[in-house]
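Working notes, beginning with the structure itself.
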Amino acid sequence: MFQLAYSAMENAYAPYSRFKVGAVVRGKNGNIYGGCNVENAAYPQGCCAESSAISAMVMDGETVIDEVCIIATGDALVTPCGGCRQRIREFAGGHVPIHICGPEGLRKSFTLSDLLPASFGPENLGE
Ligand code: THU
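The sequence shown begins at 0 in numbering that gives the first Met the number 0 and counts up by one.
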């Protein structure tokens with residue numbers, strides 16, 4: 000997962016923030032899906048790496064996430080933004096690990112519940 004996240008980060012399109020992010024989700028089917036952030040000159044139209052990875056997974060017919068890996072450069076711990084925590088929540092339970100990496104490797108692992116406690120999800124709609 001780390002290798003795919005790293006190469007996704009390298010291919011990120013981030014000419015405005017210059018902040019490249021790579022994300023990988025592992026589906027229940029065992030496959031891994033990568034994504035990178037893709038920015039836009041109309042700034043709000045950009046999309047996050049996690050969002051791209053989730054789209055690739057859903058396009059492949061998988062709708063259950065078992066593990067997440069995110070990588071970015073810089074010294075800070077780059078945890079998913081609030082919107083992406085909710086996007087992950089759509090397809091993942093609270094126990095799902097989210098590994099936060101830098102270019103050197105793993106920095107810290109969280110669960111989705113750590114990052115999005117008492118969350119709202121499909122179950123709230125009776126799904
Ligand atoms: N970004 C992500 O791709 N994922 C996150 O969870 C945090 C932020 C991207 C969005 C934007 O292209 C750049 O990082 C700076 O915010």
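The C-beta atom is built at its ideal place from N, Cα and C for all residues, glycine as well. Keep in mind the model is a prediction, meaning the values are calculated, not measured.
Item: Terminal residues of the beta strand (DSSP E) in which D113 lies; Value: Run containing D113: none in the beta strand (DSSP E); it sits in the alpha helix (DSSP H), 111-114.
Item: Backbone CA spacing between A36 and D74 [nearest angstrom]; Value: In the sequence on display, residue 36 carries Asn and not Ala. Taking the straight line from one Cα to the other gives about 19 Å.
Item: C80: CB within 7 Å of a non-hydrogen atom of the ligand THU; Value: yes
Item: Outcome for E122 when other beta-carbon atoms lying within 10 angstroms are tallied against a minimum of 16; Value: exposed
Item: Residues that C35 bridges to, as DSSP identifies them; Value: G21
Item: Any 3 or more C-beta pairs closer than 8 Å across the stretch 105-115 and the stretch 38-58; Value: no
Item: Cα-Cα separation between V20 and G93, rounded to whole angstroms; Value: 23 Å
Item: Given K27 as reference, the closest of N10, A11, E61 once Cα atoms are compared; Value: E61
Item: Same chain only: Cβ atoms within 6 Å of N10, ignoring 5 sequence neighbours per side; Value: C35
Item: S6 in three-state terms, based on DSSP; Value: helix
Item: Pick from Y15, M0, V63 that is closest to A40, judged by C-alpha positions; Value: Y15
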